[in-house]
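Each remark here refers to the structure printed beneath this line.
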Amino acid sequence: MTVRVQTGDFDVTRELAELRGRDPRVGAVAVFIGTVRDVNGEATVRKLTLEHYPGMTEKALAQIVADAKARWDIFDALVIHRVGELAPADQIVLVGVTSAHRGDAFAACEFIMDYLKTRAPFWKKEATPAGVRWVDARASDDEAAARWKAT
Amino acid sequence: MRGDSADTLTLVYLARLRDAFGTSSERVVLPPGVTTAADLRAWLASRGGAFAAELAAGRTVRIAVNHDIAQPDTPVRPGDEVALLPPVTGG
Chain A
1 MTVRVQTGDF DVTRELAELR GRDPRVGAVA VFIGTVRDVN GEATVRKLTL EHYPGMTEKA
61 LAQIVADAKA RWDIFDALVI HRVGELAPAD QIVLVGVTSA HRGDAFAACE FIMDYLKTRA
121 PFWKKEATPA GVRWVDARAS DDEAAARWKA T
Chain B
1001 MRGDSADTLT LVYLARLRDA FGTSSERVVL PPGVTTAADL RAWLASRGGA FAAELAAGRT
1061 VRIAVNHDIA QPDTPVRPGD EVALLPPVTG G
């Protein structure tokens, strides 16, 4: 289980190869990559700055991955989240999950992302032509995370 | 950043709250009667100004005590690191 917060970019191919580790039990690798969009609502986004709460972030991500591991039959999971200044089309986040069969990997990967979006202490500030603003949390993210309690 | 004095608690303000309060952290001595996360929030709101505005009832602010999300009745003690977190927007 690997959790990393970093300013630099990540190489998806290399990270996934490491996650799989040529483990022959693995039959499925589910992956999510979040990237920076150039629009948010009406505004054009020129730059995104991500900040976090060092110390708590790693702990929160590790807890989310542990929760996923307790709930689904998965072998391993990887979460990499970038912080600092990012531009449209840059990679922000990578979640990878390995399992024997796709169902567990897909579900655990989505669960990790939904919980990351609502529990992990990251904040986005975006630069638009109208100025710099903190991004508002979305109700739809809370709803996405809440689904996992009902099932 | 954990408080190293026996008497003080370290407050950490993140993202929008850091901007609003004009500082990223401060050391405080808890007044008598402030023993839980909810007490602490109410005490900070009573400072007025940006604190009153940002911590008013209905404003979503999470409190973390020593890097764990707190509930209203979670105890706060001298030596703790207590962070005020606006709604998160990562991913």
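Residue numbers (the numbering used here), protein chains in the order written: chain A, 1 to 151; chain B, 1001 to 1091.
In this text, a Cβ means the ideal position worked out from N, Cα and C, and glycines have one as well.
With DSSP as the reference, please indicate the residues paired to T49 (chain A) in a beta bridge. Residue mapping note: residue 49 (chain A) aligns to position 49 of the first sequence, counting from 1. According to DSSP, which records beta bridges pairwise, T49 (chain A) is partnered with A:E85, A:K125.
Could you give the first and the last residue of the continuous beta strand (DSSP E) run that contains F106 (chain A)? Here the question's residue 106 (chain A) lines up with position 106 in the first sequence. Not the beta strand (DSSP E): F106 (chain A) falls in the alpha helix (DSSP H), residues 102-119.
Any beta-carbon of chain B closer than 9 angstroms to the one on K125 (chain A)? By 1-based counting over the first sequence, the position of residue 125 (chain A) is 125. Yes, K125 (chain A) lies at the interface with chain B (some Cβ there is under 9 angstroms from its Cβ).
is_contact[I92 (chain A), chain B] using C-beta, thresh 9 angstroms: Indexing the first sequence from 1 puts residue 92 (chain A) at position 92. Closer than 9 angstroms to some Cβ of chain B, the Cβ of I92 (chain A) qualifies, so yes.
Any beta carbon from chain A within less than 9 angstroms of D1039 (chain B)'s own beta carbon? Reading the second sequence from its first residue, position 39 is the one you call residue 1039 (chain B). No, D1039 (chain B) lies away from the interface with chain A (no Cβ there is under 9 angstroms from its Cβ).
Spatial distance of G1003 (chain B) from L1009 (chain B) (CA atoms): Locating residue 1003 (chain B) in the second sequence gives position 3, counting from the first residue. Locating residue 1009 (chain B) in the second sequence gives position 9, counting from the first residue. Model confidence at G1003 (chain B) stands at a pLDDT of 43, short of 50, so the residue's coordinates are unreliable and nothing is read from them.
Could you tell me which residues DSSP puts in a beta bridge with N40 (chain A)? Residue mapping note: residue 40 (chain A) aligns to position 40 of the first sequence, counting from 1. Beta-bridge pairing links N40 (chain A) to A:A43.
Under the three-state reduction of DSSP, which class applies to V1029 (chain B): helix, strand or coil? In the second sequence, counting from the first residue as 1, residue 1029 (chain B) sits at position 29. Three-state DSSP puts V1029 (chain B) in a strand.
CB contact check: K59 (chain A) to chain B, cutoff 9 angstroms: To locate residue 59 (chain A), count along the first sequence from 1; it is residue 59. Cβ-Cβ to chain B under 9 angstroms: yes for K59 (chain A).
First and last residue of the uninterrupted alpha helix (DSSP H) at G1049 (chain B): Stepping through the second sequence from its first residue, residue 1049 (chain B) is reached at position 49. Start and end: 1049-1054.
Please state the DSSP three-state secondary structure of W72 (chain A). As a first step, residue 72 (chain A) is located in the first sequence; it is residue number 72 there, counting from the start. Three-state result, W72 (chain A): coil.
Any beta carbon of chain A sitting closer than 9 angstroms to that of P1031 (chain B)? Here residue 1031 (chain B) refers to the residue found at position 31 of the second sequence. So, not an interface residue.
Do V31 (chain A) and L16 (chain A) come within 9 angstroms of each other at the CB atom, strictly closer than that value? The residue labelled residue 16 (chain A) in the question sits at position 16 within the first sequence. The residue labelled residue 31 (chain A) in the question sits at position 31 within the first sequence. Contact flag set, yes.
Identify whether A1064 (chain B) lies in helix, strand or coil by the three-state DSSP scheme. Locating residue 1064 (chain B) in the second sequence gives position 64, where the first residue counts as 1. Strand at A1064 (chain B).
Using a Cβ distance threshold of 8 angstroms, determine whether the region 1051-1063 of chain B contacts the region 1072-1087 of chain B, with at least three qualifying pairs required. yes
Which chain A residues sit within Cβ distance under 9 angstroms of A1070 (chain B)? As a working mapping, residue 1070 (chain B) is identified with position 70 in the second sequence. Chain A residues near A1070 (chain B): none, gap ~11 angstroms exceeds 9 angstroms.
Under 8 angstroms (Cβ pairs) to chain B, residues found in the region 91-122 of chain A: I92, V93, M113, L116, K117, T118, R119, A120, P121, F122
Since A1083 (chain B) sits in a beta bridge, which residues does DSSP pair it with? Indexing the second sequence from 1 puts residue 1083 (chain B) at position 83. For A1083 (chain B), which the question treats as bridged, DSSP gives the partners B:V1012, B:A1064.
Run the CB neighbour count on T98 (chain A), radius 10 Å, all protein chains shown included, and call it buried at 16 or more, exposed below. Start at 1 with the first residue of the first sequence, and residue 98 (chain A) comes out as number 98. Label assigned to T98 (chain A): buried.
Count the other C-beta atoms from every protein chain shown that fall within 10 angstroms of the C-beta of R37 (chain A), then say buried if there are 16 or more, exposed otherwise. Translated into the one-based positions of the first sequence, residue 37 (chain A) becomes position 37. Per the 10 Å Cβ criterion, exposed.
Using a C-beta to C-beta distance shorter than 9 angstroms, which residues of chain A count as neighbours of P1075 (chain B)? For the purposes of this step, residue 1075 (chain B) is taken as the residue at position 75 of the second sequence. Under the 9 angstroms cutoff, chain A gives no residues; its nearest Cβ is about 18 angstroms from P1075 (chain B).
As a quick exercise: from A:L19, A:R133, A:R138, A:R147, pick the residue whose alpha carbon is nearest that of T44 (chain A). Taking the first residue of the first sequence as position 1, residue 44 (chain A) is located at position 44. Selected option, being the one with the closest Cα: A:R133.
Among the residues of its own chain, which have a CB less than 7 angstroms from the CB of R20 (chain A), if the five just before and after it don't count? Locating residue 20 (chain A) in the first sequence gives position 20, where the first residue counts as 1. The residues are V26, V29, T98.
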